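Before any comments, here is the structure.
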Amino acid sequence: MESSLKSADLPAEDKCFNVDSFQGNEDEHIVISCVRHAKLGFLQNIRRTNVMLSRCKKTMIICTSRAFVNGPARSSLLGELAQHLGPKAWLSVEDVKAGRF
Numbered sequence: 010m011e012s013s014l015k016s017a018d019l020p021a022e023d024k025c026f027n028v029d030s031f032q033g034n035e036d037e038h039i040v041i042s043c044v045r046h047a048k049l050g051f052l053q054n055i056r057r058t059n060v061m062l063s064r065c066k067k068t069m070i071i072c073t074s075r076a077f078v079n080g081p082a083r084s085s086l087l088g089e090l091a092q093h094l095g096p097k098a099w100l101s102v103e104d105v106k107a108g109r110f
């Protein structure tokens with residue numbers, strides 16, 4: 010993510026963190042990348058997932074796949090959040106490109 014920001018001439022310094030390095034911090038707007046396909050990784054740990062989900066003040070965008078959240082991650086805190094929010098919480102790449110959010 011950091012290299013993508015840099016290549017787009019966007020500020021990247023002190024903008025990209027992993028869940029552990031961001032602990033104790035917060036920000037107005039946070040983009041979370043959960044681009045796993047099969048294994049849960051840190052999502053198995055509810056404390057680490059809580060850190061991920063509780064650090065934004067205004068806006069949180071979670072980039073992930075429906076197949077992952079409805080499959081392997083269904084019983085994780087992230088999966089439960091997706092189930093709670095329902096299908097209207099999802100945006101496609103086309104929605105984002107068209108500014109429909």
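Sequential numbering from 10 applies to the sequence shown in my numbering. A virtual CB, placed ideally from N, CA and C, is assigned to each residue, including glycine. Here the structure is a predicted model, which means the values were calculated and not measured.
In angstroms, rounded to a whole number, what distance separates the CA positions of residue i and residue j?
i, j, result
"Leu90", "Thr58", "11 Å"
"Gln32", "Cys25", "13 Å"
"Val44", "Cys72", "7 Å"
"Glu103", "Ile55", "32 Å"
"Ser16", "Val40", "18 Å"
Using only CA atoms, which one of the options lies nearest to residue i?
i, options, result
"Ser30", "Val60, Leu87, Ala82", "Val60"
"Thr68", "Ala47, Ala82, Phe110", "Phe110"
Do residue i and residue j have their C-beta atoms within less than 7 Å of each other?
i, j, result
"Glu11", "Ala21", "yes"
"Ala82", "Leu62", "no"
From the DSSP output, which residues share a beta bridge with residue i?
i, result
"Val40", "Ile70"
"Cys65", "Asp36"
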